[in-house]
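Report on the structure given below.
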Amino acid sequence: MKLLVTGASGFLGRHIVAQAVARGHDVRAQVRPVSTIEGLGWEDHPNVQIVRADLRDKSAMDALVEGCDTVVSNAACKAGDFYTQFAGTVITTENLLAAMANTGVKRLVAVSTFSVYGFLRMGDRALLDENAPIDNDPIDRDEYAQTKLVQEELAHGFANEHGGKVTIIRPGVIYGRDNTWTARIGAELGANRCLVVGGRTILPVTYVENCANAIVLAAEHDQAIGETYNIVDDNLPTHRQYLRALNKHREPRMKSLPMPWLAMRFLAALALGVNKLFLGRQAKIPSILRPAALHARCKPATYTNKRIKDSIGWSPQFGLEESLKRSFDDHDFAALPPHDEAAEVQPANPGSTDAPDLDQETRTCA
Amino acid sequence: MLKVKSAVIGTGEISAEHLKFLATSKATNLVGVCDLSRAAAEYAAKTFGAEKAYTDYKQMLDEAEPDVVHVLTPPQSHVTLTTDCLDAGAHVICEKPITLGHDQFTSLWNHAQLKQKHLVEDHNYRFNQPILKIDKLIADGVLGDVMEVDIRMALDLRSGGRFADRNLPNPAHRLPAGVIHDFITHLGYLTLRFFPDPDKVAAAWTNHGGDDLFKYDDLDAILIAGNKHARIRFSCRTAPDCFAVTVRGTRAEVQTDLFHPFMRLIRPRIGGEKLSPVVNQFANGLSLVGSSIGTFRNKLMQRSPYEGLHTLLYQTYKALGNDDEPPVTFNDMDRASRLIDQMLLGDNRI
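In structure tokens form, the structure reads like this:
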């Protein structure tokens, strides 16, 4: 199978490409025009075709998508103001889906996020599965949640209007090399201190290699079409357990300041009340003191990965300790073995793979 | 009350300010929002309560029949879009720069006259409170005759954000003065507000960064009218960001910063010539304390330096309703456009 992976040079994208190639697929890896490709770990691999294109540029899209069997829509923008994130997450997806419609590519695996869920509408310690409510009023959420919600709507629209065969992947907190801290624990207080909101709250993490594996598996399986999968690892740690495990590898250790969930919730409710009563709800309050954002970050809940396990047989390969060990290892696990060793890798699903694309040239679509 | 039917073309960053005004104005009914991106148009329509989202502005003009259209697209598209809106019978409020040169502006203005429609360029900072206060100081004779004007904008455009993006360069880089062209209208109309008739213009356009993305990253222009002087500065290389305005008269001097508003007025005070410097320091110190509280309040309440845009739009719609001349007049736009041309003219380059 030939996969187009967008956002291929990013944290998750690098691993998706590595997993897909390791499982015998050919990959067209989209990177931005001025991204550095040296050190990606698979830039010279014969089964990877790197294509330079900016997804905001509609004119480059048809050529990018043409000839692929499946598109893994992984690119998103997490930084900048709302309009920057809208362009980097929504406009890019809109252009990509229009190109898929133009070129007749139907299969889409869209990487979404837990951020689309409406945590405020859920009870404490409720089960967050794929049927949990979506946030239908994200005005008090951050730009990332707002734009990812629109992005998911576009993916559904592609299924409905163009007969797209769509799988939505909603990972929890993805961690791995250089990305081991998450604001879901609470808040960073300088470089080596953090506020831990609700020490016994479960942290819905997934190690980046496990998550990338789930995404590639979803692309391979027809049973995944029309499905939405939440991705979290097994035996999820609490906030406190994760920090403890992280500190075994981290130097210097992260010192924590505990804050009970109920106390934090009270402070956020108080801030909202003051904002409503005295400031006409116009005041800009830090996200950890906005109930909608606080609940999305820190709410105690329980999680399951049952649906993807039952549906396509995914199982997270690495547990927390091993994942953190790999995260801090000198070896970059997104790097593929050199060319001659790679040739010996057997495809996991040989019947579904096409002949490898031998065009290794780095192209610029812009 | 019969509401004016308004529509918006372009849903980029500045549209948020126009749409906030339109969504809350009692004088307008937002009948359409148009963008080439359906997702962007639909999001804006939903967020700001527009009746319908469009991806084809001609379809919007035909179906929604707006009385006023806000053209908020990149400047290269303004002439085409504005002409079509005027032809469809709508007044146009257009983002700056309204055209890429004075000739284009003259043609567009003549076309608006032919169609008996109003054409308004966004001169929003002219309506910010500090500028209105300086207007009053001049009108009240506090400053005396204005002899010198300094307008200085510093924005660190090179280190990040949409203008530094090399993956998909911003269309502003293709304007005659590069990215500075996206801001030059503000500098022009504010200078002309206090310094209306320059005889001589000289400008140094420089690309100190020296790369191929930015055409220029620095402007240093001098304007002279008889014995009066003005200076316009734009810099990408100094910090912090500022939009500083200084007006010096024969009697007093006033300074402000439109990004972080304050007023520093140095004038003759009680105590005569000897004590005036001390009294000025005390008076301005107290004023600065008040400004810092105001800046904190603005930050907390999410009030941006675009406050003048809301005043401009309010006054424009009021004028349209009363069939009066809008607050940004032909002269304002004509002179600003002409000044930009003069600064770019080869003969005036330093």
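Protein sequences appear in the order of chains L and R. Take the first sequence: its position 64, counted from the start at 1, is 570 in the working numbering, and no numbers get skipped. Take the second sequence: its position 86, counted from the start at 1, is 92 in the working numbering, and no numbers get skipped. Note that CB positions come from ideal geometry on N, CA and C, so glycine has one too. Predicted model, so just to flag it, every value in this text is computed and none were measured.
Local conformation of residue i per DSSP, three classes
{"i": "residue 257 (chain R)", "result": "coil"}
{"i": "residue 305 (chain R)", "result": "helix"}
{"i": "residue 555 (chain L)", "result": "strand"}
{"i": "residue 208 (chain R)", "result": "strand"}
{"i": "residue 535 (chain L)", "result": "strand"}
{"i": "residue 702 (chain L)", "result": "strand"}
{"i": "residue 221 (chain R)", "result": "coil"}
{"i": "residue 860 (chain L)", "result": "A caution first: residue 860 (chain L) carries a pLDDT of 37, below 50, which makes its placement in the model unreliable, though a value can still be read off. Correct three-state label for residue 860 (chain L): coil."}
{"i": "residue 680 (chain L)", "result": "strand"}
{"i": "residue 576 (chain L)", "result": "strand"}
{"i": "residue 298 (chain R)", "result": "helix"}
{"i": "residue 631 (chain L)", "result": "coil"}
{"i": "residue 848 (chain L)", "result": "Caution applies to residue 848 (chain L), whose pLDDT of 47 falls short of 50 and renders its modelled position unreliable; the value that the coordinates give is listed next. Helix, per DSSP."}
{"i": "residue 19 (chain R)", "result": "coil"}
{"i": "residue 290 (chain R)", "result": "helix"}
{"i": "residue 876 (chain L)", "result": "Outside the modelled stretch of chain L, which goes from 507 to 872, sits residue 876 (chain L), for which no answer is possible."}
{"i": "residue 193 (chain R)", "result": "helix"}
Residue i, buried or exposed, once every other Cβ within 10 Å from all chains shown has been counted against 16
{"i": "residue 697 (chain L)", "result": "exposed"}
{"i": "residue 657 (chain L)", "result": "buried"}
{"i": "residue 351 (chain R)", "result": "exposed"}
{"i": "residue 216 (chain R)", "result": "exposed"}
{"i": "residue 136 (chain R)", "result": "buried"}
{"i": "residue 864 (chain L)", "result": "Summary for residue 864 (chain L): the model assigns pLDDT 31, below 50, so the residue's position carries little reliability; its value from the coordinates is reported in the next sentence. By the neighbour-count rule (16 or more Cβ atoms within 10 Å), residue 864 (chain L) is not buried but exposed."}
{"i": "residue 24 (chain R)", "result": "buried"}
{"i": "residue 12 (chain R)", "result": "buried"}
{"i": "residue 513 (chain L)", "result": "buried"}
{"i": "residue 784 (chain L)", "result": "exposed"}
{"i": "residue 145 (chain R)", "result": "exposed"}
{"i": "residue 134 (chain R)", "result": "buried"}
{"i": "residue 118 (chain R)", "result": "buried"}
{"i": "residue 17 (chain R)", "result": "buried"}
{"i": "residue 758 (chain L)", "result": "exposed"}
Beta strand (DSSP E) segment containing residue i, residue limits
{"i": "residue 34 (chain R)", "result": "34-40"}
{"i": "residue 130 (chain R)", "result": "Careful: residue 130 (chain R) lies outside any beta strand (DSSP E) and carries neither H nor E."}
{"i": "residue 84 (chain R)", "result": "No beta strand (DSSP E) contains residue 84 (chain R), which is instead part of the alpha helix (DSSP H) from 84-93."}
Same chain, Cβ closer than 7 Å to residue i, neighbours up to 5 away in sequence not counted
{"i": "residue 869 (chain L)", "result": "Since pLDDT at residue 869 (chain L) reaches only 36, below the 50 mark, its modelled position is unreliable, and the value read off the structure follows with that caveat. 557, 558."}
{"i": "residue 873 (chain L)", "result": "With chain L covering 507 to 872 only, the question about residue 873 (chain L) has no answer from this structure."}
{"i": "residue 87 (chain R)", "result": "15, 63, 77, 79"}
{"i": "residue 624 (chain L)", "result": "639, 640, 641, 642"}
{"i": "residue 222 (chain R)", "result": "183, 184, 186, 211, 212, 213"}
{"i": "residue 336 (chain R)", "result": "115"}
First and last residue of the uninterrupted alpha helix (DSSP H) at residue i
{"i": "residue 9 (chain R)", "result": "Premise fails: residue 9 (chain R) is in no alpha helix (DSSP H) and is neither H nor E."}
{"i": "residue 762 (chain L)", "result": "Unbroken run through residue 762 (chain L) is the beta strand (DSSP E), 761-765; no alpha helix (DSSP H)."}
{"i": "residue 115 (chain R)", "result": "108-120"}
{"i": "residue 664 (chain L)", "result": "649-668"}
{"i": "residue 753 (chain L)", "result": "745-753"}
{"i": "residue 320 (chain R)", "result": "313-328"}
{"i": "residue 568 (chain L)", "result": "567-571"}
{"i": "residue 347 (chain R)", "result": "336-350"}
{"i": "residue 143 (chain R)", "result": "135-145"}
{"i": "residue 692 (chain L)", "result": "Here residue 692 (chain L) belongs to no alpha helix (DSSP H); instead the beta strand (DSSP E) covers 692-694."}
Neighbourhood of residue i by C-beta, 8 Å cutoff - its chain only, sequence neighbours within 5 removed
{"i": "residue 837 (chain L)", "result": "none"}
{"i": "residue 854 (chain L)", "result": "Low per-residue confidence applies at residue 854 (chain L): pLDDT is 42, beneath 50, and the placement is therefore not dependable, though the value from the model is reported in the following sentence. If we look at residue 854 (chain L) and ignore the five residues flanking it on each side, its Cβ neighbours are 529, 530, 726."}
{"i": "residue 660 (chain L)", "result": "596, 599, 600, 603"}
{"i": "residue 82 (chain R)", "result": "106, 177, 180, 181"}
{"i": "residue 232 (chain R)", "result": "205"}
Nearest-angstrom Cβ-Cβ length linking residue i and residue j, presumed shorter than 8 Å
{"i": "residue 736 (chain L)", "j": "residue 627 (chain L)", "result": "Actually they do not touch by this definition, with Cβ atoms about 17 Å apart."}
{"i": "residue 225 (chain R)", "j": "residue 249 (chain R)", "result": "Actually they do not touch by this definition, with Cβ atoms about 14 Å apart."}
{"i": "residue 347 (chain R)", "j": "residue 108 (chain R)", "result": "5 Å"}
{"i": "residue 608 (chain L)", "j": "residue 648 (chain L)", "result": "Between residue 648 (chain L) and residue 608 (chain L) the Cβ distance is about 33 Å, and since that is not below 8 Å, they are no contact."}
{"i": "residue 198 (chain R)", "j": "residue 345 (chain R)", "result": "6 Å"}
{"i": "residue 721 (chain L)", "j": "residue 674 (chain L)", "result": "Wrong, their Cβ atoms sit about 11 Å apart, outside the cutoff."}
{"i": "residue 254 (chain R)", "j": "residue 154 (chain R)", "result": "4 Å"}
Close Cβ partners of residue i (< 6 Å) along its chain, the five nearest in sequence each way excluded
{"i": "residue 840 (chain L)", "result": "520, 521, 524, 547"}
{"i": "residue 796 (chain L)", "result": "646"}
{"i": "residue 702 (chain L)", "result": "691, 692, 745, 762, 764"}
{"i": "residue 156 (chain R)", "result": "237, 252"}
{"i": "residue 126 (chain R)", "result": "99, 322, 332, 334"}
{"i": "residue 582 (chain L)", "result": "595"}
{"i": "residue 284 (chain R)", "result": "none"}
{"i": "residue 168 (chain R)", "result": "176"}
{"i": "residue 341 (chain R)", "result": "198"}
Chain A contact residues for residue i, given Cβ-Cβ distances below 7 Å
{"i": "residue 590 (chain L)", "result": "Of the protein chains in the structure, L and R, none is chain A."}
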